[in-house]
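Notes for the one structure printed next.
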Amino acid sequence: VSIPDGPEVPLSNATAPKPQRLPPLPTFKPPEPPGAAPPSRRSTALLLRLSELQVRRPAIPLVIAALITLVALAYASRLRMLTGFESLLPESRPSVQELDRVAAKTAGISTLFIVLEAKDTSRPPPTEALREAADALVAPLTALGPPWVGSAESGVHDAVRFLGPRAGLFADKEKLESLRDDVVARFEYEVTKATGMGLELDDEPPPAIDPEKIKRDFGVGDADTERYPDGYYQSKDGRTVVVAIRSKVIGSDFDKGTEAIRRVREVVERLDVKRFDPSITYAFGGDLQTGISEYTAIHEDLTEVGYFGAILIIGIVFLYYLRLRTVFTMVITIGVGVAWTFGFTELVIGNLNMATGFLF
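Per this note's numbering, the sequence shown starts with residue 1430, numbered consecutively.
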């Protein structure tokens, strides 16, 4: 079907039906209950007034927030970091109480070793110089006292002096009685033989007393006697001597452990072990030193990861908005929230532990 062309009508003269406006829908307003407004409405009204205050007078809430943040920062800076594993549990737990009881009744619950070593292999080991240096360290280390040093020793001298005369008290009773009978029988045989009162019978004489056989019977080997040369914690080649320290500071307590190692290091430096022999050097070992080293390494790693992560997040936010003002506002907002949180933590709890210390 073709439509014949007609005269062109300008758009300005074209008429179109005007849209009709619909009547407004009826609104339903619930009746106001008698009395005070419900709590939800009161809180909504309070928030509305707070918003209006922030728009009309922004200086007032900003000043109030700044003052609260300063107070919160002052409290947050007083937070203590408890790095011990026992701090992960409340003090009322039986395990924590038992640990405190054991620490109070023993010389220490962790070990710290001072390793004295002569690394100059071009000459014989200065055995006596190492022993003199180890013995010289014992008295000043013991003077530090608990909790840093519960006891210090360069060997098992005290144990040998006490247990040596009483070694038989720890042996098997049947073996001791058998040894006694052998000694008595051999003694009587030797006496009668020396006095000529033997009857020269064909009875076989009792076996001779063999020290090596006695060691085998009682389980005493050369390794036991060579383990502590002359009672010292010394290596077989004579180039290393160890001073053992028992401390009441647990190995996972970073603050006290660091202080204990610092005090011990001062004693060693003040003594100057090189005056006994120039080739002597020292180092630390033991679970106290290991715990502090591990904590330091973990802390450094987490700190680096935290800084790197924060820079990346800030960079992503900046690339998204391309406005420094947005980044600044976000950092300030989060900083205020963190300050308030940890300020409140100091008031309520008073410390952080290994699980909550990295919430920053």
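Quick reminder that beta carbons are idealized off the backbone N, C-alpha and C, glycines included. Note that the structure is predicted; figures quoted are calculated from it, not measured.
*asked:* Taking the beta strand (DSSP E) that ILE1543 belongs to, which residues open and close that run?
replied: One-based indexing of the sequence shown puts residue 1543 at position 114. 1539-1547 is the extent of the beta strand (DSSP E) around ILE1543.
*Can you list, in chain order, the residues of its chain whose CB lies under 6 Å from that of ALA1443, leaving out five sequence neighbours each side?*
In the sequence shown, counting from the first residue as 1, residue 1443 sits at position 14. Reliability fails at ALA1443, whose pLDDT of 49 lies under 50, so the model's placement of it is uncertain and no value is given.
_Contacting residues, own chain, Cβ-Cβ under 7 Å from LYS1604 (five flanking each side not counted)_ = Locating residue 1604 in the sequence shown gives position 175, counting from the first residue. If we look at LYS1604 and ignore the five residues flanking it on each side, its Cβ neighbours are ASP1646, PHE1647.
*Would you identify the three-state DSSP class for ILE1674, choosing helix, strand or coil?*
Numbered from its first residue, the sequence shown carries residue 1674 at position 245. Strand.
*Going by alpha carbons, who is nearest to GLY1686 out of LEU1479, VAL1500, LEU1541, LEU1508?*
Looking up residue 1686 in the sequence shown gives position 257. It is LEU1541.
*Can you name the start and end residues of the alpha helix (DSSP H) that SER1607 belongs to?*
For this step, residue 1607 is matched to residue 178 along the sequence shown. From DSSP, the alpha helix (DSSP H) with SER1607 extends over 1602-1624.
*Would you say ILE1679 and SER1583 are within 8 Å of each other, going by their C-beta atoms?*
Taking the first residue of the sequence shown as position 1, residue 1679 is located at position 250. Taking the first residue of the sequence shown as position 1, residue 1583 is located at position 154. Cβ atoms of ILE1679 and SER1583: not closer than 8 Å.
*Ends of the alpha helix (DSSP H) at GLY1766?*
Locating residue 1766 in the sequence shown gives position 337, where the first residue counts as 1. Where GLY1766 is concerned, the enclosing alpha helix (DSSP H) stretches over 1753-1777.
*Just confirm the distance between the C-beta atoms of ALA1563 and LEU1545, as a whole number of angstroms; I'd bet it's less than 8 Å.*
As a working note, residue 1563 is residue 134 in the sequence shown. As a working note, residue 1545 is residue 116 in the sequence shown. Confirmed, Cβ separation roughly 6 Å.
*asked:* By the three-class DSSP mapping on this structure, what secondary structure does THR1556 have?
replied: As a position in the sequence shown, residue 1556 is number 127, starting the count at 1. Helix.
*Does the distance from the C-beta atom of PHE1787 to that of LEU1731 stay below 8 Å?*
Start at 1 with the first residue of the sequence shown, and residue 1787 comes out as number 358. Start at 1 with the first residue of the sequence shown, and residue 1731 comes out as number 302. It is a contact, given that the beta carbons lie within the stated cut-off.
*Kindly indicate which three-state DSSP category ILE1740 falls into: helix, strand or coil?*
To locate residue 1740, count along the sequence shown from 1; it is residue 311. ILE1740 falls in the helix class under three-state DSSP.
*Can you check DSSP and say which residues form a bridge with THR1710?*
What you label residue 1710 is simply residue 281 of the sequence shown in a count that begins at 1. Partner(s): GLU1546.
_Measuring straight from C-alpha to C-alpha, what distance separates TYR1504 and LEU1776?_
If you number the sequence shown from 1, residue 1504 lands on position 75. If you number the sequence shown from 1, residue 1776 lands on position 347. Approximately 7 Å between the Cα atoms of the pair.
_Contact under 8 Å by Cβ, LEU1499 with VAL1696_ = The sequence position of residue 1499 within the sequence shown is 70, counting from 1. The sequence position of residue 1696 within the sequence shown is 267, counting from 1. No. Outside cutoff.
*With a 10 Å radius around its C-beta and 16 neighbouring C-beta atoms as the bar for buried, classify PHE1599 as buried or exposed.*
Counting from one through the sequence shown, the residue named residue 1599 turns up at place 170. Under this definition PHE1599 is an exposed residue.
*Does the Cβ of LYS1602 have 16 or more other Cβ atoms within 10 Å, making it buried, or fewer, making it exposed?*
Position 173 of the sequence shown, counted from the start, is the residue given in the question as residue 1602. Residue environment: LYS1602 is assigned as exposed (fewer than 16 neighbouring CB atoms within 10 Å of its CB, all protein chains considered).
*Ordered along the chain, which non-local residues of its own chain (more than five positions away) have a Cβ less than 8 Å from that of THR1719?*
The residue you call residue 1719 lines up with position 290 of the sequence shown. Once the five neighbours on either side are set aside, the close Cβ partners of THR1719 are GLY1680.
*So what does DSSP say about ARG1509, is it helix, strand or coil?*
As a position in the sequence shown, residue 1509 is number 80, starting the count at 1. It is a strand residue.
*Which same chain residues, not among the five before or five after VAL1702, have their C-beta less than 7 Å away from its C-beta?*
The count along the sequence shown starts at 1 and reaches residue 1702 at position 273. Once the five neighbours on either side are set aside, the close Cβ partners of VAL1702 are LEU1545, ALA1562, ILE1709, TYR1711.
*With C-beta atoms as the reference, is TRP1577 less than 8 Å away from SER1676?*
Taking the first residue of the sequence shown as 1, we reach residue 1577 at position 148. Taking the first residue of the sequence shown as 1, we reach residue 1676 at position 247. SER1676 is positioned such that its CB atom lies closer than 8 Å to that of TRP1577.
_Integer-rounded CB distance, given that PHE1773 should sit under 8 Å from TYR1724_ = Here residue 1724 corresponds to residue number 295 of the sequence shown, with the count starting at 1. Here residue 1773 corresponds to residue number 344 of the sequence shown, with the count starting at 1. Contact doesn't hold; Cβ gap of about 27 Å is too wide.
_With a threshold of 6 Å on Cβ separation, who are the neighbours of PRO1634 within its own chain once the five nearest residues in sequence on each side are excluded?_
Taking the sequence shown and counting its residues from 1, one reaches residue 1634 at position 205. TYR1618.
*Mapping DSSP to helix, strand and coil, what is SER1583?*
Translated into positions along the sequence shown, residue 1583 becomes position 154. Three-state result, SER1583: coil.
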